[in-house]
């Protein structure tokens with residue numbers, strides 16, 4: 002089975018540095034096959050006969066053995082990812098002048114924190130919650146400070162998601178389909 006592993010909060014502003022080439026080698030060394038990565042922001046794709054929970058355990062063990070800082074991971078099967086992205090809202094990605102992001106829900110996702118965000122949504126944001134992803138569109142340059150998305154880092158929800166922009170999310174979709 003093909004899996005996608007998303008790493009949260011690595012290689013951001015020079016902090017929590019993870020060299021993808023080294024991590025790919027470490028994952029291959031523990032038995033994952035066809036290991037690849039996409040850009041330097043923690044997107045890994047590989048194949049394994051293990052269950053999703055066993056894959057998650059093995060990935061977390063590799064990370065713990067190789068890095069002194071904690072790395073939050075999310076394992077998604079290719080099938081799950083394709084299912085989520087078969088239900089993309091029509092507005093997500095439709096207007097190139099807007100910011101489009103996919104917020105992947107981490108295991109500790111707090112629905113109450115999300116409901117708090119939903120209550121704040123105005124004309125500057127559109128969001129839709131699926132089973133594993135929040136599709137979010139907001140203003141980009143003009144009026145960005147008026148969007149709820151611009152304030153997301155201050156919200157409790159922020160720690161419960163790992164974010165990929167439209168281009169990255171769609172490229173991962175393509176790689177998982179290959």
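Residue numbers (the numbering used here): 2 to 179.
Glycine residues also receive a C-beta, built at the ideal position from the N, C-alpha and C atoms.
query                                                                                        : result
Nearest to residue 89 (by Cα), restricted to the options 131, 141, 121                       : 131
Own chain, CB closer than 7 Å to residue 175, minus 5 neighbours either side, in chain order : none
Contact check, residue 102 vs residue 165, beta carbons under 8 Å                            : yes
8 Å CB neighbourhood of residue 18 in its chain, flanking five on each side removed          : 11, 12
Where residue 135 falls: helix, strand or coil (DSSP)                                        : strand
Buried/exposed call for residue 62, threshold 16 Cβ in 10 Å                                  : exposed
Extent of the continuous beta strand (DSSP E) to which residue 103 belongs                   : 99 to 106
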